Structure formats: structure tokens, C-alpha cells
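Chemist: Going down the list, the sequences are from chains G and V.
Mind the numbering: the first sequence is residues 64 to 229 in our numbering, read in order.
Mind the numbering: the second sequence is residues 26 to 326 in our numbering, read in order.
Note that the Cβ used here is the ideal one computed from N, Cα and C, for glycine as well.
Quick caveat, the model's predicted, so the values are computed rather than measured.
Structure provided below as C-alpha cells; questions to follow.
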Amino acid sequence: MLNETRIKVRFILNGESRNIECMAADTLFDTLRDSLGTMSVKQGCDFGGCGVCSVLLDGRPVYSCLMPTWKVEGSKIETLEGLKGKELMNLDAIQQAFATNFAQQCGYCTPAMILNAKALLERNPNPSVDQIKDALSGVLCRCTGYMPIVEAVMQAAMMRRKKTQV
Amino acid sequence: MRDLELNMVFDPSEVLRPSSFQDAVETLDSSDSKIVAGNTSLYSLARKGRLENIKKLVDISKLGISYIKEAESQTSEEKKILVGAGTTFQEITSSSLINGRPEYAGLKEALNKSPPQIRNVATIGGSICSAVSFYDLPIVLFALGTTLKFFSKKEGEHLITIDSFFQNPALYGKSLLIECQFSSSPNSASSFVKLCRRMSGYAVAMTAARIKLDRTSREIDDIRLVIGAMTKTPQRLNQVEEELRHKEPSIETITRMCEKSADLVHDIIPSVHASTAYKKRVLPILLREAITTAVERATER
């Protein structure tokens, strides 16, 4: 019989305070997608190999499939839903750059790619190509090819720098 | 919704958060508890059915073992660095004690092979205590001659060499790793070379070297060579080290010694991506690259 002992966890998800109950074995992936309906977080390998379940934990990317839910107590979680500009014509700079550069094809890895790019650009507004490749190295894309994605991040960085200068 | 497939093979009932080393090791008395640090291998092991009897997860994040600092008593010759077992890869690579120092260049290379998602959570202690031959970081820590500080009920805090640990990791199953210590000395440098299908994936084969050159003669004063993903546990190449010690590190000498290495390692095991014969073939090549890189770095100092 499965154990039903519940653990109370509080965290901030995309700027909103959440109080939930989870089991000791629950992953953050299961909690986000099944309990909290953040559908941008995708299921992939469940082993930390493909990266499509990436979310930002206190501003840094982590694999949600490897993160126990109880471990995020008191933390800030960001998913693609938290990027400002949810409307079609009001996209975040990274989202705009991905669209302009055709940096998505099937789109399955795109939320994770965008979050990893965001984490990089928050810390390093002017990254080199190698730094972008390193930042995206934990997410697999099986259809676009990586160059349009790298170019999109370069463009997003430029757009964000220009915005800051204005 | 619960992941029922996972819960069929992994169904812990509680999370314990000890606040002292003593409390932490008390939890290890029962066979149904498991320490979790960065959690990078927890669910992989669980899905393979290896944690079926685990009922208590022991969270050690409140033990104050996330730090990187220089030891207080230092000699001018040797600088010792202390790294708490709960320190993440990211915290180590961003430390000014590691960055730009040739003696730790191999350490940084190994840490940066992991993607950011792993670097942000994986801990130095977790990578050692997993005691597997195919993790990158322990290979370099082995080459650096790391000393491990454990805490056990019987002995309290005590130090052992990483060499002793890898001879029989199972001996330390009831102990808690709390700190890793490694030293650097002038004219020393390290390197790490990994052969893999995907950089952030597990290695097909890898080598790490730490070399200290004699200040005046520029001969190899001290050398440690370690191989990983080839034998069951990381292994030192004592005979190759002995052959190279007190020799001038010319490319001819290094190449000649490395070519012998494949015959000196008898227990190379195949993996899904490489046969024993293939690993024997690449060993001298990886080893030569690791040694020449470390020598170049030590020479530039």
C-alpha cells in the first residue's frame, strides 16, 4: 500500500505564493505540472538527461524531474508562464528573438531553452557564443538544430541591452 | 497526481532534517534511510528499483557544510583549501580560490563538463559518496590527492585519504562525509581529459593528472595519474607515475610511458559504448594529453 504521509511546502511560483502538500517522493515536475497546472514544463527522460523539464530555482536552472518538491521550501520558482508578456503581441525579448530567428520547430524544448537563456542573460547581459552554448548545454533539441537558438539568444541579449540603455 | 510507476518502487514516508553531525549519523543506523544532498542520482536509482526499502530521506542541507575557504594555518609552500561536502559544483567553479589557478584547472574542467542544471544542485560530497567510476569530479579529486573528513559515531571527525576511500567505499556507508581538503604547491598544475559521446554525458573513458615540477631542474618532482570509467572504481596508475617521477617531461618520455599504460591496467571493463579493447586503445592517448597539458600549465607558472 502506498504511504499517504503529506509534507507541507510553501514557495513562490511565478510571483505568486503557493502552499501545497506533497509526498516525500514527489518531484517538482509532478507538482508543477499535475498539481499546479504549469503546462510549459515538459516531460522528457525523467533522468536529468534531456532538460525539457528545466525550471528556474531562485534564478538558476534545475531539472524539475530530479528535484524533490519538499526541497524547494521557501524558494522562488519560475516557469515560462512567469515571463512577462503572455499576450501574443507583447512577448518578452527572448520570446521575440526565438520567433524572429525561427528558433523553434516542434517547440517541445523551447520553454526550457528560453528559461536557460533567461538565467544566463540575467547574470551576463553580453555573453559570448561559447557561454551561450554552455548555458544551453543541458537541454536537447531534436529538430531545430542549435544555431538558430544560439542566434536567438545573441539577439535577445542585444535587445535587452538596448532596452536597458534607453 | 502521483507518479504511480515511481511510487511502486520508491515510497519514502518522511524527510528527516538533522541539525548536527551526530543526529545525521544516528539516522544511518537503520537500513531504510538514505542521505540526500544534490538529488541528482536519487530518482535515477529509485526508478531502477534500487531504493525500494528506503522509508526515510535524510536532508543534510541544514548541517552548515556548504563552504569553500582556505585553511587557517598555511605554509608559504602549500596552500590548503577546505570544501564542505554540501558545496555545489557552481559554488566551487565560481570561487576565486579555484578560478585562474593552474593547480585546480583540471578540477574546473571536470566541473564544467556538467550542464548548469546539474552544476547548480550537485554537491562535491554526493559525487564522491556515490563511489562510481564514471563521475567526472572524483577522478580529479583523486588526482589532487584529496583528504576526506568523515564523521562517524565511533570515531567522531576523522581524516582519510581519497585513495583509502576508493579501495573500499562500502566501509564508509555509516559515516557522513563533511569536508574535502586539497592542497596546492608552487610549480604544480592539474588537467582532466574525457572521452564521451556527449560532453555532459557519462564518460567512455577519462584521465586526470596532477604534476609538480622541480623548481630548479624542471623535472617531474611529483605526479598523480588517475583513470575513470575504465575499471570498477577510479584507479591510480602507480607504475606509470613511478616511471615518470624525476624524469624530464619531454614528449618522447611521456609518450613512451603512456604506451606502456594499457598493459599495466588489467581489469578494464567494457561498457555499452566501448569494448575493453577500445578502452585499452584510447587509454595511452588520453593519458598523454592529460600529462602534457598539466606539464604545460606547470611550466607556464
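(1) Might you give, ordered along the chain, the residues of its own chain that have their beta carbon closer than 6 Å to the beta carbon of V:L67, omitting 5 neighbours on each side?
(2) Could you name the residues of chain V that G:T90 contacts, counting a contact when the two beta carbons are closer than 9 Å?
(3) Apart from the five residues just before and just after V:K87, which ones in its own chain have a Cβ nearer than 6 Å to its Cβ?
(4) State the CB to CB distance for the pair V:I164 and V:M224, rounded to an integer number of angstroms; the pair is presumed to be in contact (CB under 8 Å).
(5) V:G131 to G:N153, Cα distance in whole Å?
(6) Would you give the residue range spanned by the alpha helix (DSSP H) that V:R284 belongs to?
(7) From V:L162 to G:Q158, what distance separates their C-alpha atoms?
(8) Spell out whether any CB of chain V is found under 8 Å from the CB atom of G:L99.
(9) G:P174 lies in the alpha helix (DSSP H); which residues open and close that run?
(10) Go ahead and label G:K134 buried or exposed: buried means 16 or more other beta carbons lie within 10 angstroms of its beta carbon, across all protein chains shown.
(11) Have a look at G:M221, G:P124, G:A219 and flag the residue whose alpha-carbon is nearest the alpha-carbon of G:L199.
(12) Sorted by chain position, which residues of the same chain lie with C-beta nearer than 8 Å to V:E182's C-beta, five sequence neighbours on each side aside?
(13) Assuming G:C169 is part of the alpha helix (DSSP H), what are its boundary residues?
(14) I need the DSSP call for V:G226, collapsed to helix, strand or coil.
(15) May I ask you to report which of helix, strand or coil DSSP gives V:E39?
(16) Below 8 Å on the Cβ atoms is my guess for G:V118 versus G:L95; work out the distance and round it to an integer in Å.
(17) By DSSP's criteria, G:Y126 is part of a beta bridge. Which residues make up the other side?
(18) Could you tell me if G:F165 is buried or exposed, where buried requires 16 or more neighbouring beta carbons within 10 angstroms of its beta carbon?
(19) Go ahead and label G:S191 buried or exposed: buried means 16 or more other beta carbons lie within 10 angstroms of its beta carbon, across all protein chains shown.
(20) Relative to the C-alpha of G:D93, which candidate in V:L31, V:L184, V:E51 has its C-alpha closest?
(21) Among residues of its own chain, excluding the 5 on either side of G:M102, which ones have a beta-carbon nearer than 7 Å to its beta-carbon?
(22) Taking only runs of the alpha helix (DSSP H) that begin and end inside the region 60–131 of chain V, which ones reach a length of at least 4 residues, in chain order?
(23) Whose C-beta lies closer than 7 Å to the C-beta of V:K138 among residues of the same chain, with five residues either side of it excluded?
(24) Any C-beta of chain V within less than 8 Å: which residues of the region 111–133 of chain G qualify?
(25) List the residues of chain G whose Cβ lies closer than 7 Å to the Cβ of V:F217, in chain order.
(26) Please identify, using Cβ separations under 7 Å, the residues of the region 198–214 of chain G that lie next to chain V, in order along the chain.
(27) With a threshold of 16 other CB atoms inside 10 Å of the CB of G:N187, please say whether the residue is buried or exposed.
(28) Would you please verify whether the beta carbon of V:F114 is less than 8 Å from any beta carbon of chain G?
(29) Output, in sequence order along the chain, the residues in the region 35–50 of chain V whose CB is closer than 7 Å to any CB in chain G.
(30) Restricting to runs no shorter than 3 residues, where is the beta strand (DSSP E) found entirely within the region 233–274 of chain V?
(31) Would G:S138 and G:D155 qualify as a contact pair, given that the criterion is a beta-carbon distance under 8 Å?
(32) If we call anything under 8 Å between Cβ atoms a contact, is V:F167 one with V:I187?
(33) Measure the CB-CB distance between V:E77 and G:T68 and report whether it falls below 8 Å.
Modeler: Based on what the coordinates show:
(1) Cβ neighbours of V:L67 beyond the five flanking positions: V61.
(2) Simply D28, L31, Y68.
(3) Same-chain partners within the cutoff: R42, S44.
(4) That pair is no contact at about 15 Å.
(5) Looking at the two C-alpha atoms, the distance is approximately 45 Å.
(6) According to the sequence shown, residue 284 of chain V is Glu rather than Arg. Secondary structure note for V:E284: its alpha helix (DSSP H) is the uninterrupted segment 276–289.
(7) Each residue's alpha carbon lies about 35 Å from the other.
(8) Closer than 8 Å to the CB of G:L99 there is not a single CB belonging to chain V.
(9) Counting along the chain, the alpha helix (DSSP H) containing G:P174 begins and ends at 173–186.
(10) By the neighbour-count rule (16 or more Cβ atoms within 10 Å), G:K134 is buried.
(11) Nearest of G:M221, G:P124, G:A219 to G:L199, Cα basis: G:P124.
(12) The residues are F46, K174, F175, F176, I203.
(13) For G:C169, there is no enclosing alpha helix (DSSP H), as DSSP marks it with neither H nor E.
(14) Looking at V:G226 - three-state DSSP - the assignment turns out to be coil, as it is neither helix nor strand.
(15) Strand, per DSSP.
(16) About 7 Å separates the CB atoms of G:V118 and G:L95; that is less than 8 Å, so the two are in contact.
(17) For G:Y126, which the question treats as bridged, DSSP gives the partners G:S117.
(18) Exposed is the call here.
(19) Exposed, by the Cβ-count rule.
(20) Of the candidates V:L31, V:L184, V:E51, the one whose C-alpha sits nearest the C-alpha of G:D93 is V:L31.
(21) Correct list, in chain order: R96.
(22) You should have 67–72, 114–118.
(23) Closer than 7 Å at the Cβ level, and outside the excluded window around V:K138, lie D161, K219, M224, S225.
(24) The region 111–133 of chain G vs chain V, Cβ under 8 Å: G111, G112, G114, S117, L120, R123, P124, V125, Y126, C128, L129, M130, P131, W133.
(25) By Cβ distance, chain G contributes nothing, its closest Cβ being about 16 Å from V:F217, past 7 Å.
(26) Shown in chain order are the members of the region 198–214 of chain G whose Cβ falls below 7 Å from a Cβ of chain V: A198, S200, G201.
(27) With fewer than 16 other CB atoms across the displayed protein chains lying within 10 angstroms of its CB, G:N187 is exposed.
(28) So no, V:F114 is outside the interface.
(29) Across the region 35–50 of chain V, CB contacts with chain G closer than 7 Å involve F35, D36, P37, S38, E39, V40, in sequence order along the chain.
(30) Correct list: 245–253.
(31) G:S138 places its beta carbon 8 Å or farther from that of G:D155.
(32) The Cβ-Cβ distance between V:F167 and V:I187 falls below 8 Å.
(33) For the 8 Å CB-CB criterion, V:E77 and G:T68 do not form a contact.
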